[in-house]
Amino acid sequence: EAGVTQFPSHSVIEKGQTVTLRCDPISGHDNLYWYRRVMGKEIKFLLHFVKESKQDESGMPNNRFLAERTGGTYSTLKVQPAELEDSGVYFCASSNAAEQFFGPGTRLTVL
Amino acid sequence: QKEVEQNSGPLSVPEGAIASLNCTYSDRVSQSFFWYRQYSGKSPELIMSIYSNGDKEDGRFTAQLNKASQYVSLLIRDSQPSDSATYLCARGEGTGRRALTFGSGTRLQVQP
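The following block contains the structure:
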């Protein structure tokens with residue numbers, strides 16, 4: 066069974082540009098989560114989808130971040146416009162129970 | 031006070047010894063607890079989950095939970111150099127599918 070996959074693995078953009086991250090959950094997992102880890106800090110929750118619906122978006126830092134999960138399969142996380150403090154590793158996780166399984170992450174660098 | 035606290039380490043143990051990793055949490059609504067292992071530059075890998083007070087064993091790993099003391103630990107028996115990694119403690123509200131709150135992780139070094 067394939068695990069959670071994320072694309073791209075790395076992204077380097079300039080401040081003010083737009084970036085879209087993609088996550089493909091484990092097949093059949095209704096729950097999809099986005100987290101991020103900024104330099105030197107712990108992994109922080111961003112939001113949670115159940116199928117195509119946003120169950121909890123309390124961790125989204127501001128309205129420059131937009132997450133979608135059309136059709137309840139893969140999800141995208143768009144940052145527009147990107148700021149320097151958005152740099153970090155963005156993880157996606159999926160689950161059908163309490164245990165969450167993480168993808169390899171996307172390392173975002175905003176210059 | 032952080033919601034989930036871990037000693038950042040590094041915790042250094044000799045090969046074959048027992049490594050003991052500790053985690054405390056600050057609230058009383060947490061019901062589910064998880065230990066993840068993360069190698070440098072890789073994704074967090076789930077190694078243990080625990081929901082009830084007491085011990086839970088899986089191979090060389092034992093998770094211990096004490097809700098009254100708001101304390102969860104992970105013991106690794108017969109530590110191997112391949113166990114060298116950062117161990118992340120996470121808690122979830124309830125027993126369902128909810129956001130996880132992570133500690134900052136403890137770096138474990140197993141010396142050959």
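Those protein sequence lines, which keep their order, are chains G and D. Residue numbers for the first sequence follow the numbering used here, beginning at 66 and rising by one. Residue numbers for the second sequence follow the numbering used here, beginning at 31 and rising by one. Every residue gets a Cβ at the ideal spot worked out from N, C-alpha and C, and that includes glycine. Computed from a prediction, not measured in an experiment: that's the story for all the values here.
Opening and closing residue of the beta strand (DSSP E) in which residue i lies
{"i": "G:T135", "result": "Taken as a continuous stretch (DSSP letters only), G:T135 belongs to no beta strand (DSSP E), as it is neither H nor E."}
{"i": "D:S42", "result": "L41 to P44"}
{"i": "D:A93", "result": "F91 to N96"}
{"i": "G:H75", "result": "H75 to I78"}
{"i": "G:S159", "result": "G153 to S160"}
{"i": "G:Q71", "result": "T70 to F72"}
{"i": "G:R212", "result": "Residue 212 of chain G falls outside the range modelled here, since chain G spans only 66 to 176, and no answer is possible."}
Inter-residue CB distance, residue i and residue j (contact presumed, cutoff 8 Å)
{"i": "G:S159", "j": "G:N96", "result": "6 Å"}
{"i": "D:R107", "j": "D:R90", "result": "5 Å"}
{"i": "G:T171", "j": "G:S76", "result": "6 Å"}
{"i": "D:S73", "j": "G:P169", "result": "5 Å"}
{"i": "D:A115", "j": "D:Y55", "result": "With a Cβ gap of about 21 Å, D:A115 and D:Y55 do not count as contacting."}
{"i": "G:F166", "j": "G:G68", "result": "6 Å"}
{"i": "D:Y101", "j": "D:W65", "result": "Going by Cβ atoms, the distance from D:Y101 to D:W65 rounds to 13 Å, so no, they are not a contact pair."}
Min CB distance residue i to chain G below 8 Å
{"i": "D:G39", "result": "no"}
{"i": "D:F91", "result": "no"}
{"i": "D:G46", "result": "no"}
{"i": "D:L51", "result": "no"}
{"i": "D:P74", "result": "yes"}
{"i": "D:L104", "result": "no"}
Proximity test, Cβ basis, 8 Å: residue i and chain D
{"i": "G:S76", "result": "no"}
{"i": "G:G170", "result": "yes"}
{"i": "G:N128", "result": "no"}
{"i": "G:G124", "result": "yes"}
{"i": "G:I108", "result": "yes"}
Cβ-based burial, residue i [other Cβ within 10 Å; buried from 16]
{"i": "G:S92", "result": "exposed"}
{"i": "D:T131", "result": "buried"}
{"i": "G:I108", "result": "buried"}
is_contact[residue i, chain C] using C-beta, thresh 8 Å
{"i": "G:Q165", "result": "This model lacks chain C altogether; the protein chains it does include are G and D."}
Please specify which runs of the beta strand (DSSP E), each continuous and at least 3 residues long, are wholly inside the stretch 54-139 of chain D, giving them in chain order. Counting only runs of 3 or more, we get 60-68, 75-80, 84-88, 91-96, 101-106, 115-123 and 130-132.
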